[in-house]
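Heads up, the sequence shown is in the working numbering, so the first residue is 19 and it goes up one at a time.
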Amino acid sequence: MRRAIDWILLIATLAFAAWYWHSHRVELRSTAAIIKIRMKPCSSPVSYYVAGIDPRYGLTEAEFAGILKDAESIWEGLSGLDLLERADGGGDIAVSMVYDVRQESVDRLRKLGFSTDRTAAAYEQLRKRYDSMSAALAPHRARMDARMAAYKRDEAEYNSVIAEYNRIGRATPAQKRIFETVRSRLAREYAGLKRLEAAVNADINTLNALATAMNQMILDLDMNVEQYNREGSAMGVYEEGIYRQDARGRAIELYKYHDRDQLLRLAAHEMGHALGLGHVDDERAVMSALNNGKNFELRPADLAELQRACTPPLRRAFDRLFSRGEEEKPS
Ligand SMILES: [Zn+2]
């Protein structure tokens, strides 16, 4: 009897373990991978794959893969380490180009012939356009709102008169002709209002796109001005890309494609985060938080940060313990 219970317990435990592995295998694999990277960083290359490119970027998978390959070379060329590798059809890190409101704004403004370069001059040009459009729009909007209110009143009155005649069930042919005239006049007014609304909405969308693009510039150029708070415009802290690591796995999402150089720097920066690097102070470095440098080479600050990220945690703790005395010496 005792033996039978032991067997049942063993089988139940194994069944539970199998079920747990099966239902949590994605999370378990990703956790195992993360633990391995933490314990032995840089010991084997991290693999990445193209998980998706929003078609609105107009970027082919081959072009994107080429940019990622160049970003990989930025890390491997100077360090001499095999840090990253592309793996088709699945790997450690899913890399994708995600389209969001900021890119939409940039595209919209470009179509209208605006420059959205990260320069104070471009910002000034957008600001002037924003102010003049915003001033021109105000009276249009007020007129439209007044016309809409008048239309709503006329429509309600017409509907109540018709309802009254329907209730008594009597209307002379002459009255019917009048109703018909009023109804078609209301329909014409409504169509006119819809055209006006479309024009006003197009201007509102352009204003929102201008506000979003200007908010981006305010952050990029570190300007000391208030952000534009418009309904439908994006505010806050912008990120052109992110690296995330959670139960769903590890992923790099890139949100901005201005030109090849910008995307290359951005991809290299996010790959750096994926390798465990943090931000460094040197503004020209790949791992600068501002990410608006012009160079494509690792700077000494990047290499020092790579060295830190590639040191196993135990070794790091050990080094900290024994170098404490040296660090306190004045240099
Ligand atoms: Zn960053």
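Where is the CB? At the ideal position from N, CA and C, for every residue including glycine.
Computed from a predicted structure; not experimentally measured.
query: State the beta-bridge partners of D264 as determined by DSSP.; result: G267
query: So does A227 have its beta carbon nearer than 8 Å to some heavy atom of ligand 1?; result: no
query: With DSSP as the reference, identify every bridge partner of I29, one or two as the case may be.; result: Looking at the DSSP assignment, I29 forms no beta bridge with any residue, so it has no partner.
query: Which residue or residues does DSSP assign as beta-bridge partners of M115?; result: I71, L272
query: Let me know the secondary structure DSSP gives L239 once reduced to three states.; result: coil
query: Look at M305 and V298 and say whether their C-beta atoms are less than 9 Å apart.; result: yes
query: In its own chain, which residues sit with a C-beta less than 6 Å from the C-beta of I71, not counting the 5 before and 5 after it?; result: L77, F82, M115
query: Can you give the Cα-Cα distance for L144 and Y273, rounded to whole angstroms?; result: 22 Å
query: Would you kindly work out how many angstroms separate the C-alpha atoms of E345 and A292, rounded to a whole number?; result: Confidence in E345 is poor, its pLDDT being 43 and thus under 50, which makes the residue's placement unreliable; the coordinate value appears in the next sentence. Approximately 29 Å, taken between the alpha carbons.
query: How long is the line joining the alpha carbons of E79 and A22, rounded to whole angstroms?; result: 59 Å
query: Is A18 buried or exposed, if buried means 16 or more other CB atoms sit within 10 Å of its CB?; result: Residue numbering for the chain in the displayed model covers 19 to 349; residue 18 lies beyond these limits and cannot be assessed.
query: Taking 8 Å as the cut-off, is the C-beta of E288 nearer than that to any heavy atom in ligand 1?; result: yes
query: So which of P330, S133, Q193, R159 has the shortest CA-CA distance to K212?; result: R159
query: Go through the region 123 to 194 residue by residue and report every complete run of the alpha helix (DSSP H) that reaches 4 residues or more, in order.; result: 138 to 186
query: Taking C-beta to C-beta, are L101 and P157 nearer than 9 Å?; result: no
query: For G259, does the count of other Cβ atoms within 10 angstroms reach 16, so buried, or fall short, so exposed?; result: buried
query: Let me make sure I understand the geometry here. Which of P191, A189, Y176 has the alpha-carbon closest to that of L204?; result: Y176
query: Determine the contact status of L155 and D221, defining contact as a CB-CB distance below 9 Å.; result: yes
query: Rounded to the nearest angstrom, what separates M241 and M235 at their Cα positions?; result: 8 Å
query: For the region 91 to 108 against the region 128 to 148, do three or more pairs of beta-carbon atoms, one drawn from each stretch, fall closer than 8 Å, so that the two count as touching?; result: no
query: Could you tell me the alpha carbon to alpha carbon distance between A138 and N233, rounded to whole angstroms?; result: 13 Å
query: Near G343, what residues of its chain come up, given a Cβ to Cβ distance below 7 Å and the 5 sequence neighbours on each side ignored?; result: Because the pLDDT of G343 is 46, which lies under 50, any placement of that residue in the model is unreliable, and the question is left without a value.
query: Which of the three DSSP states, helix, strand or coil, is assigned to L17?; result: Nothing about residue 17 can be read from this structure; the chain reaches only from 19 to 349.
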